[in-house]
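Chemist:
In UniProt numbering, the protein residues as written are 1 to 74.
(1) Alpha carbons only, please: which of 21, 25, 48 is nearest the one belonging to residue 31?
(2) Could you spell out where the beta strand (DSSP E) holding residue 30 opens and where it closes?
(3) Please name the residue, chosen from 46, 54, 26, that lies closest to residue 17 on a Cα-to-Cα basis.
(4) Would a C-beta distance cut-off of 8 Å place residue 51 and residue 24 closer than the cut-off?
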C-alpha cells in the first residue's frame, strides 16, 4: 500500500495508459485497525471515493496529500 501522489487537482484519480476504471464508489469510509508501522497517514478513518482498476485500488478524499493506492492482486 502506498500514498497516491498521482491525482488530479480536482480530487479525482489519474488513470494510466492501458488502465480503466472498473468500479467507482463514492462516500466510502475506510479505517485501518492494526497498522504496522504506525504511520499517521494510515491512522483514523478516511472518507472519500474508491476507484477499482484492473491494476489497483485507489482511495481519494478531500485531503489529497494522503490519498491511498494499493495493488489489485485478485
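Glycine included, each C-beta is placed from N, C-alpha and C at the ideal position.
Modeler: On the basis of the supplied data:
(1) Start at 1 with the first residue of the chain shown, and residue 31 comes out as number 31. Comparing Cα-Cα distances from residue 31 to each of 21, 25, 48, the minimum goes to 48.
(2) For the purposes of this step, residue 30 is identified with residue 30 of the chain shown, where counting begins at 1. Run containing residue 30: 21-31, per the beta strand (DSSP E) assignment.
(3) As a working mapping, residue 17 is identified with position 17 in the chain shown. Measuring from the Cα of residue 17, the nearest candidate turns out to be 54.
(4) Counting from one through the chain shown, the residue named residue 51 turns up at place 51. Counting from one through the chain shown, the residue named residue 24 turns up at place 24. Contact flag set, yes.
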